[in-house]
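Number of protein chains: 2
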Amino acid sequence: MVRRSGRRPGNQDTRQSILESARTVFAEQGFDKGSIRAIATQAEVDPALVHHYFGTKEKLFLATMDAPVDPGSLVTEALDGPRDEAGVRLVRLVLSVWDSPAGVAALAMLRSAMSNEWAARLLREFVVTQILRRAVAQLGIDEREAPLRSALVATQIAGLAVVRYVLKVEPVASAPAEQLVATVGPNVQRYLTGDL
Amino acid sequence: MVRRSGRRPGNQDTRQSILESARTVFAEQGFDKGSIRAIATQAEVDPALVHHYFGTKEKLFLATMDAPVDPGSLVTEALDGPRDEAGVRLVRLVLSVWDSPAGVAALAMLRSAMSNEWAARLLREFVVTQILRRAVAQLGIDEREAPLRSALVATQIAGLAVVRYVLKVEPVASAPAEQLVATVGPNVQRYLTGDL
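Line by line, the protein sequences are chains A and B.
As numbered in our numbering, residues 1 to 196 make up the first sequence, in order.
As numbered in our numbering, residues 197 to 392 make up the second sequence, in order.
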């Protein structure tokens, strides 16, 4: 255990401990209210050490999103395969990330985006522009249709996350992932490649 | 205009002014942070007058949701008609409410539900149990399937609201309502009556 005012051991354990504390604090308090100080306290390290490892709070926030998964490459991977099953694979990916430890960070990001314009812009730009549109392009969809199709996919993915993980509406909250993959996947598929 | 420390005229204008201020304050600050004092200041009335007209903050919050629309009867109305166009009518109703002045209150409720367990429970119980399940029952759907179908409808409706009004992802944010009715309606229809 690293003492709060002790030496600064430059090891992976400390970095990992800060990341885990950041996930917890951001999830509980959102991006705005979750302070570096609160994260440092939770990790039992000096606040300066948090800055040393991650720089700004924004970078730390992104780090909690990137670790342990890289959403961009995961989505690219999920969409690689039979075109008419891309929707099913995308929903399966989303649920596997949200049901994993990374889901806590994703939830924090979604919560922040609901009340904070900066976080909303981050989520909008990062998820939609960087991930979904690139992914839609990968499916060989008309570039003129890609923005609408990816935004529609975003409505279903965001809503699934809100209902399952935030509002916790049954039976969606407790349903096995594969049941939701089977029921929601075809709707995402229509947005991706279907007749609109 | 009613002065903050003036007499207490028991008229509709004052009540309406408080309601409008409450919608604005809840939308900007959420349910938790939006105080009776802030609402009274915005409406230029004494805080005691807010309590006089609406009782608790919870009751005021519900009043901002109920006025000027009654979601329950609107949904029942929207689902009354050809069964295979219920999805389209439901999306049209949702967009017409969110695009109206009542949308500000709906947005406040959604934001509160994202960060506050009380508001999440309220939204869950009110929207899903009272509105959607009753509405699904109205379509003559098997009672055993109704909870899953209504929760799935909730994923699409909640996600549409989040992407159009909170994250403001284009082109969904600026799309004419009827374009979204045509593109999203069939997906809601599948959740309501389609093969899952």
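Ideal Cβ placement from N, Cα and C applies to all residues, glycine included.
Quick caveat, the model's predicted, so the values are computed rather than measured.
Item to check | Candidates B/222, B/360, B/338 and B/250: closest to residue 376 of chain B by CA position | outcome: For the purposes of this step, residue 376 of chain B is taken as the residue at position 180 of the second sequence. With respect to the C-alpha of residue 376 of chain B, the residue from B/222, B/360, B/338 and B/250 having the closest C-alpha is B/360.
Checklist entry - Applying a beta-carbon distance threshold of less than 8 Å, which residues of chain A neighbour residue 311 of chain B? => result The residue given as residue 311 of chain B occupies position 115 in the second sequence. By Cβ distance, chain A contributes 30, 111, 114 and 115.
Next on the checklist: Against chain A, does residue 389 of chain B count as a neighbour if the rule is that its beta carbon must be under 8 Å from one of theirs?
Outcome noted: Against the second sequence, residue 389 of chain B aligns to sequence position 193. The beta carbon of residue 389 of chain B does not come within 8 Å of any beta carbon belonging to chain A, so the residue lies off that interface.
Checklist entry - Residues of chain A with a CB under 8 Å from the CB of residue 362 of chain B: which are they? => result Taking the first residue of the second sequence as position 1, residue 362 of chain B is located at position 166. The CB of residue 362 of chain B comes closer than 8 Å to the CB of 113, 114 and 120 in chain A, given here in chain order.
Checklist entry - Between which two residues does the alpha helix (DSSP H) harbouring residue 337 of chain B extend? => result For the purposes of this step, residue 337 of chain B is taken as the residue at position 141 of the second sequence. Unbroken run through residue 337 of chain B: none, as it is neither H nor E.
Checklist entry - CB-CB under 6 Å to residue 274 of chain B, same chain, minus the five flanking residues each way: which ones, in chain order? => result Position 78 of the second sequence, counted from the start, is the residue given in the question as residue 274 of chain B. Excluding sequence positions up to five before and after residue 274 of chain B, its CB lies within less than 6 Å of the CB of 285, 286 and 289, all in the same chain and listed in chain order.
Checklist entry - Buried or exposed: where does residue 140 of chain A fall if 16 or more other Cβ atoms within 10 Å of its Cβ makes it buried? => result Start at 1 with the first residue of the first sequence, and residue 140 of chain A comes out as number 140. Exposure of residue 140 of chain A is indicated by the presence of fewer than 16 other C-beta atoms within 10 angstroms of its C-beta.
Item to check | Sub-8 Å separation of residue 384 of chain B and residue 349 of chain B beta-carbons | outcome: Counting from 1 along the second sequence, the entry for residue 384 of chain B is found at position 188. Counting from 1 along the second sequence, the entry for residue 349 of chain B is found at position 153. Cβ distance < 8 Å, so residue 384 of chain B and residue 349 of chain B count as in contact.
Next on the checklist: Can you confirm whether residue 209 of chain A, when its beta carbon is compared against all beta carbons of chain B, has any partner nearer than 8 Å?
Outcome noted: There is simply no residue 209 of chain A to check, as chain A begins at 1 and stops at 196 in what is shown.
Item to check | Beta carbon proximity, residue 162 of chain A to chain B, threshold 8 Å | outcome: Within the first sequence, the letter at position 162 stands for residue 162 of chain A. True, the Cβ-Cβ gap to chain B drops below 8 Å.
Checklist entry - Whose C-alpha, out of A/194, A/15 and A/28, is nearest the C-alpha of residue 110 of chain A? => result For this step, residue 110 of chain A is matched to residue 110 along the first sequence. Measuring from the Cα of residue 110 of chain A, the nearest candidate turns out to be A/28.
Item to check | For residue 67 of chain A, three-class secondary structure by DSSP | outcome: For the purposes of this step, residue 67 of chain A is taken as the residue at position 67 of the first sequence. Unreliable placement is indicated for residue 67 of chain A, whose pLDDT of 46 sits below 50; the coordinate value is still reported in the next sentence. Note: residue 67 of chain A maps to coil in three-state DSSP.
Checklist entry - Are residue 331 of chain B and residue 380 of chain B touching if we call contact CB-CB under 8 Å? => result Reading the second sequence from its first residue, position 135 is the one you call residue 331 of chain B. Reading the second sequence from its first residue, position 184 is the one you call residue 380 of chain B. Their beta carbons are not under 8 Å apart, which means residue 331 of chain B does not touch residue 380 of chain B by this criterion.
Next on the checklist: Suppose contacts are defined by Cβ-Cβ distances below 8 Å. Is residue 393 of chain B in contact with residue 160 of chain A by that definition?
Outcome noted: In this structure chain B extends from 197 to 392, so residue 393 of chain B is not present and cannot be described.
Item to check | Contact set between residue 365 of chain B and chain A, taken where Cβ atoms lie within less than 7 Å | outcome: To locate residue 365 of chain B, count along the second sequence from 1; it is residue 169. Neighbours of residue 365 of chain B in chain A, taken as residues whose beta carbon is under 7 Å from its own, are 124, 128, 151 and 154 in chain order.
Checklist entry - Going by C-alpha distance, which of B/373, B/351 and B/371 is nearest residue 169 of chain A? => result Mapped onto the first sequence, residue 169 of chain A falls at position 169. Nearest option by C-alpha distance: B/351.
Checklist entry - Given a threshold of 16 other Cβ atoms within 10 Å of its Cβ, counted over all protein chains shown, does residue 308 of chain B qualify as buried or as exposed? => result Counting from one through the second sequence, the residue named residue 308 of chain B turns up at place 112. Flag for residue 308 of chain B reads buried.
Checklist entry - Under 8 Å, do residue 64 of chain A and residue 22 of chain A count as touching if we go by C-beta distance? => result Here residue 64 of chain A refers to the residue found at position 64 when the first sequence is read from its first residue. Here residue 22 of chain A refers to the residue found at position 22 when the first sequence is read from its first residue. In contact: residue 64 of chain A and residue 22 of chain A (Cβ atoms closer than 8 Å).
Checklist entry - Does the distance from the CB of residue 368 of chain B to the CB of residue 137 of chain A come in under 8 Å? => result The count along the second sequence starts at 1 and reaches residue 368 of chain B at position 172. The count along the first sequence starts at 1 and reaches residue 137 of chain A at position 137. Cβ distance not < 8 Å, so residue 368 of chain B and residue 137 of chain A don't count as in contact.
Next on the checklist: Cutting at 8 Å between CB atoms, please list the residues of its own chain near residue 143 of chain A, excluding the five before and the five after it.
Outcome noted: Residue mapping note: residue 143 of chain A aligns to position 143 of the first sequence, counting from 1. Beyond the five residues adjoining it in sequence on each side, residue 143 of chain A comes within less than 8 Å, by CB distance, of 137 in the same chain, given in chain order.
Checklist entry - Can you tell which of B/216, B/212 and B/234 has the C-alpha that lies nearest to the C-alpha of residue 299 of chain B? => result Looking up residue 299 of chain B in the second sequence gives position 103. Considering only alpha carbons, the answer is B/216.
Checklist entry - Which residues, in order along the region 25-50 of chain A, keep a beta-carbon less than 8 Å from a beta-carbon of chain B? => result Of all residues in the region 25-50 of chain A, 30 have a Cβ within less than 8 Å of some Cβ in chain B.
Checklist entry - According to DSSP, is residue 226 of chain B helix, strand or coil? => result The residue given as residue 226 of chain B occupies position 30 in the second sequence. Reduced to three states, the DSSP call for residue 226 of chain B is helix.
Checklist entry - Is the CB-CB distance between residue 222 of chain B and residue 304 of chain B below 8 Å? => result Walking along the second sequence from the start, residue 222 of chain B turns up at place 26. Walking along the second sequence from the start, residue 304 of chain B turns up at place 108. The criterion of a C-beta distance shorter than 8 Å is satisfied by residue 222 of chain B and residue 304 of chain B.
Checklist entry - With distances taken from CA atoms, which of B/278, B/297 and B/235 is nearest residue 388 of chain B? => result If you number the second sequence from 1, residue 388 of chain B lands on position 192. Of the listed residues, the one whose Cα sits closest to residue 388 of chain B is B/278.
Item to check | Contacts of residue 159 of chain A in chain B (Cβ-Cβ under 9 Å) | outcome: Translated into the one-based positions of the first sequence, residue 159 of chain A becomes position 159. Think of a sphere of 9 Å around the beta carbon of residue 159 of chain A: the chain B residues whose beta carbon falls inside it are 350, 351, 352, 353, 354, 355, 356, 357, 358 and 359, in chain order.
Checklist entry - Going straight from the alpha carbon of residue 263 of chain B to that of residue 162 of chain A, what length do you get? => result The residue you call residue 263 of chain B lines up with position 67 of the second sequence. The residue you call residue 162 of chain A lines up with position 162 of the first sequence. Model confidence at residue 263 of chain B stands at a pLDDT of 46, short of 50, so the residue's coordinates are unreliable; what they give is reported in the following sentence. Cα to Cα, residue 263 of chain B sits roughly 25 Å from residue 162 of chain A.
Next on the checklist: Between B/283, B/256, B/243 and B/226, which has its C-alpha nearest residue 374 of chain B's C-alpha?
Outcome noted: Start at 1 with the first residue of the second sequence, and residue 374 of chain B comes out as number 178. Distances from the CA of residue 374 of chain B to each of B/283, B/256, B/243 and B/226 were compared; the closest alpha carbon is that of B/283.
Item to check | Distance between residue 50 of chain A and residue 212 of chain B (C-alpha atoms, nearest Å) | outcome: Residue numbering aside, residue 212 of chain B sits at position 16 when the second sequence is read from its first letter. Residue numbering aside, residue 50 of chain A sits at position 50 when the first sequence is read from its first letter. Their Cα atoms are separated by approximately 50 Å.
Checklist entry - Would a C-beta distance cut-off of 8 Å place residue 312 of chain B and residue 228 of chain B closer than the cut-off? => result Numbered from its first residue, the second sequence carries residue 312 of chain B at position 116. Numbered from its first residue, the second sequence carries residue 228 of chain B at position 32. In terms of Cβ geometry, residue 312 of chain B and residue 228 of chain B form a close pair [threshold 8 Å].
Item to check | residue 316 of chain B beta carbon less than 8 Å from that of residue 166 of chain A | outcome: For this step, residue 166 of chain A is matched to residue 166 along the first sequence. For this step, residue 316 of chain B is matched to residue 120 along the second sequence. Contact: yes.
Next on the checklist: Assuming residue 329 of chain B and residue 343 of chain B are in contact, meaning their beta carbons sit under 8 Å apart, how far apart are those beta carbons, in whole angstroms?
Outcome noted: Here residue 329 of chain B refers to the residue found at position 133 when the second sequence is read from its first residue. Here residue 343 of chain B refers to the residue found at position 147 when the second sequence is read from its first residue. Taking 8 Å as the upper bound for CB-CB distance, residue 329 of chain B and residue 343 of chain B are in contact here, some 7 Å apart.
Next on the checklist: So, for residue 42 of chain A: in the same chain, excluding its five sequence neighbours on each side, which residues have a beta-carbon less than 7 Å away from its beta-carbon?
Outcome noted: Residue mapping note: residue 42 of chain A aligns to position 42 of the first sequence, counting from 1. Same-chain partners within the cutoff: 21, 24 and 25.
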